[in-house]
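A.B. asks:
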Amino acid sequence: MYLIYFLDFLFEMKSREKAFIHLSVSASGRKGELLIPSGEKKPTKNRRDLQGIRGIAISAVVLFHFFPNQFPNGHIGVDQFFVLSGFLMSMVTEREKRFRIKELVNFYYRRSKRIMPLYLLLVMSCMFISEHCLFGYLHPTNWDSVYSASVFMTNIKATDSIREYHEMLSRAADFFTHTWSISAEMQFYIIFPLLYIIYKSMRNVLATPFLVIVASVSLLFHILLPEQSAFNLIHARMWQFVIGILAHQLDKSTADSDEYLFFGYGTVDTVVSWGRHKSSRGAILSDIDGIWSSGNSPDINQTMCFLLRFFV
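Listed below in structure tokens is the structure:
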């Protein structure tokens with residue numbers, strides 16, 4: 008599952024614009040310019056820092072699944088992943104000079120092309136293993152889940168379960184429990200263009216407050232809803248994606264390209280830590296990260312806090 012996330016990110020970050028050779032030509036006394044594709048790629052800014060951050064977040068979640076005692080807070084990587092996804096979607100969409108029907112269709116096409124083939128292969132593989140390698144009494148559970156997983160509705164289905172996410176993982180009865188996060192991700196992709204269009208249609212003085220209001224309302228849902236709903240549903244998770252969008256939009260107006268993104272991480276981690284962590288040490292460390300990341304020397308401090316929070 009997290010391999011799908013990482014490959015999607017790598018494909019997006021390595022995209023380039025084609026370069027052209029400019030040739031001056033003249034015919035019948037008229038001069039003009041001929042553009043010929045050079046076959047090379049025009050270099051764009053490659054945010055290797057974002058690739059590294061996403062890799063760390065994904066690794067933390069995987070380690071949490073396999074070694075929960077050693078990495079009790081590794082699941083925060085999912086929350087950080089959502090922030091980074093919002094940041095990336097804003098960055099990719101910002102490259103478009105305009106965002107109309109053609110760009111909207113292209114946006115959905117690119118998301119589907121990068122995620123769905125590998126994801127559907129994962130779903131079919133899990134179903135095959137479930138059918139042929141698991142005990143018979145587990146088949147109904149997985150057959151019931153495969154439908155919601157196939158249409159990216161696992162997170163909605165999970166709200167009807169009497170068991171919380173970590174208990175479902177420990178039982179390992181449902182192969183599709185972990186698909187809740189990519190379901191939330193795809194639901195965000197459906198909503199994002201509308202959110203982006205509204206944001207861009209507003210005046211500068213209203214645009215940022217609009218994102219703050221959306222994030223605040225979503226955070227309110229996250230706080231007030233029952234734990235299962237707050238954990239799974241997109242409207243209770245939207246604040247994390249919006250913080251990523253807001254971080255990128257603010258990021259454009261400053262020379263330091265890391266401060267707002269890491270501040271977003273600190274904000275999300277602090278809220279999630281106080282709300283869900285069994286140990287208050289994770290919350291304290293996240294608070295330190297949120298404060299420390301706005302200091303004068305953020306690089307080493309941010310990296311150390313980012314890595315250490317998964318162990319405490």
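The sequence shown begins at 8 in our numbering and counts up one residue at a time. Note that CB positions come from ideal geometry on N, CA and C, so glycine has one too.
Report the option in 113, 73 and 121 whose CA atom is closest to the CA atom of residue 192.
C.D. replies: Residue 192 has its Cα closest to that of 121, out of 113, 73 and 121.
A.B. asks: Using 8 Å as the Cβ pair cut-off and three pairs as the minimum, do the segment 70 to 84 and the segment 234 to 247 touch?
C.D. replies: Counting Cβ pairs under 8 Å, fewer than three are found: no touch.
A.B. asks: Compare the Cα-Cα distances from residue 123 to each of 72, 237 and 159 and report the closest residue.
C.D. replies: Checked all of 72, 237 and 159; the closest Cα to residue 123 is 159.
A.B. asks: So for residue 186, helix, strand or coil by DSSP?
C.D. replies: DSSP places residue 186 in helix when its eight states are reduced to three.
A.B. asks: Find out if the Cβ-Cβ distance for the pair residue 133, residue 182 is shorter than 7 Å.
C.D. replies: In contact: residue 133 and residue 182 (Cβ atoms closer than 7 Å).
A.B. asks: DSSP three-state label for residue 238, please.
C.D. replies: Correct three-state label for residue 238: helix.
A.B. asks: What whole-angstrom Cβ distance do residue 222 and residue 229 have, given they're in contact under 8 Å?
C.D. replies: About 10 Å; that fails the 8 Å criterion.
A.B. asks: Under 7 Å between C-beta atoms, does residue 92 make it to chain B?
C.D. replies: The chain labelled as chain B is not found in the depicted structure, where only one protein chain is given.
A.B. asks: Could you tell me which of 61, 93 and 60 sits nearest to residue 248, measuring between CA atoms?
C.D. replies: If we check each option's Cα against that of residue 248, 93 comes out closest.
A.B. asks: Taking C-alpha atoms, which residue in 186, 196, 203 and 155 lies nearest to residue 102?
C.D. replies: For the residues 186, 196, 203 and 155, the minimum Cα distance to residue 102 belongs to 203.
A.B. asks: So what does DSSP say about residue 81, is it helix, strand or coil?
C.D. replies: It is coil, neither helix nor strand.
A.B. asks: Could you check if residue 251 is buried or exposed, using at least 16 other CB atoms within 10 Å of its CB as the buried criterion?
C.D. replies: Buried.
A.B. asks: Ignore the nearest five residues each way along the sequence and tell me which others in residue 97's own chain have a CB closer than 6 Å to its CB.
C.D. replies: So the qualifying residues of the chain are 252 and 255.
A.B. asks: Go to residue 57, then tell me how far its alpha helix (DSSP H) extends in each direction, as first and last residue.
C.D. replies: Looking at the DSSP string, the run of the alpha helix (DSSP H) that includes residue 57 is 55 to 73.
A.B. asks: Quick one: using the 10 Å Cβ neighbour count with 16 as the cut-off for buried, is residue 135 buried or exposed?
C.D. replies: Exposed: under 16 other Cβ atoms inside 10 Å.
A.B. asks: Report the option in 190, 61, 57 and 212 whose CA atom is closest to the CA atom of residue 6.
C.D. replies: Residue 6 cannot be examined here, being either before or after the span of the chain that is shown, 8 to 319.
A.B. asks: Do you know how far the Cα of residue 110 is from the Cα of residue 129?
C.D. replies: Between residue 129 and residue 110, the C-alpha separation is close to 29 Å.
A.B. asks: Of the residues 205, 187 and 206, which one's Cα is nearest the Cα of residue 89?
C.D. replies: When only C-alpha atoms are compared, the closest one is 187.
A.B. asks: Rounded to whole angstroms, what's the CA-CA distance from residue 138 to residue 69? Just pull it up for me.
C.D. replies: Rounded to whole angstroms, residue 138 to residue 69 spans 24 Å at the Cα level.
A.B. asks: Could you tell me the boundaries of the alpha helix (DSSP H) in which residue 258 lies?
C.D. replies: It spans 245 to 258 - the alpha helix (DSSP H) in which residue 258 sits, taken as one unbroken run.
A.B. asks: How far does the alpha helix (DSSP H) with residue 213 in it extend, from its first residue to its last?
C.D. replies: Per DSSP, residue 213 belongs to the alpha helix (DSSP H) from 211 to 231.
A.B. asks: What does the alpha-carbon distance come out to for the pair residue 156 and residue 165?
C.D. replies: Going from the Cα of residue 156 to the Cα of residue 165 covers about 11 Å.
A.B. asks: Please classify residue 292: is it buried, with 16 or more other beta-carbons within 10 angstroms of its beta-carbon, or exposed?
C.D. replies: A caution first: residue 292 carries a pLDDT of 43, below 50, which makes its placement in the model unreliable, though a value can still be read off. The residue is buried, with at least 16 neighbouring Cβ atoms inside 10 Å.
A.B. asks: At a threshold of 6 Å, does residue 150 count as lining the ligand SAH (C-beta to nearest heavy atom)?
C.D. replies: For the ligand SAH, the structure offers nothing, since it holds no ligand at all.
A.B. asks: So which of 227, 198, 214 and 220 has the shortest CA-CA distance to residue 257?
C.D. replies: That would be 214, whose Cα lies nearest to the Cα of residue 257.
A.B. asks: Using the beta-carbon count (16 or more within 10 Å), is residue 119 buried or exposed?
C.D. replies: Exposed, since its Cβ has fewer than 16 Cβ neighbours within 10 Å.
A.B. asks: Roughly how many angstroms lie between the CA atoms of residue 114 and residue 59, to the nearest whole one?
C.D. replies: The alpha-carbon atoms of residue 114 and residue 59 are separated by roughly 24 Å.
A.B. asks: For the alpha helix (DSSP H) that residue 104 lies in, which residues bound it at each end?
C.D. replies: Here residue 104 belongs to no alpha helix (DSSP H), and DSSP marks it neither H nor E.
A.B. asks: Just verifying my parser: in three-state terms, what is the DSSP assignment at residue 181?
C.D. replies: Three-state result, residue 181: coil.
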